[in-house]
Amino acid sequence: MSSVDDEQASLYDGAPLQVGDEVPNFTADSHLGMVTFHEVLDGQFAVLVTFPNDFEAVATTELGAMAKLKEEFDARNVKLFALSADTKGNHKKWLEDVEELQDCKITFPLFADVDGSISRVFGLVRPGTVGNASKSIISAGLIVIVDIDKRIRFISQYPSSTGRNFYEVLRVIDTLQLTLFHSVSAPANWQQGEEMFVRNDVSNVAANSMFPKGFVPIKEWFRITPQPDTKM
Numbered sequence: 001m002s003s004v005d006d007e008q009a010s011l012y013d014g015a016p017l018q019v020g021d022e023v024p025n026f027t028a029d030s031h032l033g034m035v036t037f038h039e040v041l042d043g044q045f046a047v048l049v050t051f052p053n054d055f056e057a058v059a060t061t062e063l064g065a066m067a068k069l070k071e072e073f074d075a076r077n078v079k080l081f082a083l084s085a086d087t088k089g090n091h092k093k094w095l096e097d098v099e100e101l102q103d104c105k106i107t108f109p110l111f112a113d114v115d116g117s118i119s120r121v122f123g124l125v126r127p128g129t130v131g132n133a134s135k136s137i138i139s140a141g142l143i144v145i146v147d148i149d150k151r152i153r154f155i156s157q158y159p160s161s162t163g164r165n166f167y168e169v170l171r172v173i174d175t176l177q178l179t180l181f182h183s184v185s186a187p188a189n190w191q192q193g194e195e196m197f198v199r200n201d202v203s204n205v206a207a208n209s210m211f212p213k214g215f216v217p218i219k220e221w222f223r224i225t226p227q228p229d230t231k232m
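The sequence shown lines up with residues 1 to 232 when you count with full-length UniProt numbering.
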C-alpha cells in the first residue's frame with residue numbers, strides 16, 4: 001500500500017506540480033521494501049520515473065535503459081526511482097521479465113502505487129476521480145528530477161507510446177548540477193564540455209572574478225564562457 005502525507009495531499013490536490021515546488025513526500029512498498037521518499041534522498045539529486053501500469057513493452061525498455069545507465073547516474077550522485085500503479089507481486093513478475101528481455105538488473109526501487117494516491121498528487125489521475133485512483137491514471141508517464149533540497153527542477157510528461165530518452169535525462173542533470181553552483185545557462189542541444197552562457201543577472205565586473213576561464217561578450221546579454229568545473 002502507498003500513502004501520501006495528508007498535508008501534502010491537500011496541498012497538491014488539483015494543483016499541478018511545477019518546477020521549484022518541493023517534491024511530495026510519500027511512503028510506498030517496492031520490490032526492495034518499504035520506502036519513505038524524503039528520507040532516502042539524503043541531499044542527493046533524484047530521478048523519479050512513472051509508468052501507468054506493468055507488463056508494457058515500451059516501459060520494459062525504459063526500465064532496461066535506466067538500469068544500463070545506472071553507473072552514469074551514480075557518477076553524478078543521482079538516485080533512481082520508478083513507480084507504477086500495480087501491485088508489488090506484479091512488479092516482481094514484471095521485473096523478472098525486464099531483466100530477462102533487457103539483460104539487466106533492476107537495483108533501484110519500483111514503487112507499488114496500488115491505490116493511485118501517489119499518481120494523484122503528481123497529476124496523473126483524471127480530475128474528479130473519487131476513491132481508488134489506480135484505474136483512472138492517464139496513459140502517460142512522468143520524469144521528475146529533484147535537487148539536493150528536494151525541489152523539483154525538471155518535470156516532463158510523455159505518452160506511453162513514446163519511449164523516453166535517458167541520455168537526455170543525463171544531459172538535463174548535467175546542466176542542473178552546473179547551474180546549481182555556477183551562474184551559467186545551457187544553450188540548445190548543449191553537451192558536456194561545450195560553451196555555456198553567463199547569466200544576465202551577472203555584471204561584467206562580477207563575471208571577471210566568477211569565471212576564471214574568461215568570457216566573450218558578443219552582446220551585453222549574450223556572453224559565452226567555457227563550461228565551468230563541477231563535481232557533485
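In this text, a Cβ means the ideal position worked out from N, Cα and C, and glycines have one as well.
Collapsed DSSP secondary structure at residue i in the structure displayed
| i | result |
| --- | --- |
| residue 79 | strand |
| residue 34 | coil |
| residue 219 | strand |
| residue 124 | coil |
| residue 17 | coil |
| residue 22 | strand |
| residue 156 | strand |
| residue 50 | strand |
| residue 197 | strand |
| residue 110 | strand |
| residue 69 | coil |
| residue 161 | coil |
| residue 225 | strand |
| residue 60 | helix |
| residue 203 | coil |
| residue 118 | helix |
| residue 209 | helix |
| residue 45 | strand |
The ligand GTP heavy atom lying under 7 Å from the CB of residue i
| i | result |
| --- | --- |
| residue 185 | Of ligands this structure carries none, so the ligand GTP is not represented either. |
Rounded C-alpha distance that separates residue i from residue j
| i | j | result |
| --- | --- | --- |
| residue 40 | residue 150 | 11 Å |
| residue 103 | residue 196 | 37 Å |
| residue 148 | residue 57 | 33 Å |
| residue 29 | residue 72 | 26 Å |
| residue 183 | residue 226 | 12 Å |
| residue 217 | residue 21 | 34 Å |
| residue 110 | residue 121 | 17 Å |
| residue 25 | residue 118 | 9 Å |
| residue 76 | residue 152 | 17 Å |
| residue 154 | residue 201 | 22 Å |
| residue 229 | residue 191 | 14 Å |
| residue 10 | residue 204 | Note on residue 10: pLDDT 49, under 50, position unreliable in the model; the coordinate value appears next. Approximately 45 Å, taken between the alpha carbons. |
| residue 69 | residue 93 | 22 Å |
| residue 137 | residue 74 | 31 Å |
| residue 213 | residue 123 | 43 Å |
Sequence-distant residues of its chain with Cβ nearer than 7 Å to residue i (five each side left out)
| i | result |
| --- | --- |
| residue 161 | 58 |
| residue 90 | 54 |
| residue 167 | none |
| residue 158 | 140, 141, 164 |
| residue 106 | 63, 67, 95, 98, 99 |
Cβ separation of residue i and residue j, assumed to be a contact under 8 Å, to the nearest whole Å
| i | j | result |
| --- | --- | --- |
| residue 171 | residue 143 | Not a contact, Cβ separation roughly 12 Å. |
| residue 52 | residue 140 | 7 Å |
| residue 78 | residue 45 | 4 Å |
Beta-carbon proximity list for residue i, same chain, < 6 Å, skipping 5 on both sides
| i | result |
| --- | --- |
| residue 198 | 207, 215, 223, 225 |
Neighbour flag for residue i against chain D, beta carbons, 8 Å
| i | result |
| --- | --- |
| residue 109 | Chain labels in this structure do not include chain D; a single protein chain is all it has. |
Nonlocal neighbours in the same chain, by C-beta distance under 8 Å from residue i, ignoring five residues either side
| i | result |
| --- | --- |
| residue 181 | 228, 230 |
Note to self: Between the region 59–79 and the region 19–34, can you find at least three pairs of beta-carbon atoms closer than 8 Å?
What the structure shows: no
Next item on the list: Would you check if the region 82–102 and the region 110–127 touch, i.e. whether three or more CB-CB distances between them fall below 8 Å?
Entry: yes
Item checked: Segment contact flag, the region 166–185 with the region 217–224, C-beta cutoff 8 Å, min 3 pairs -> no
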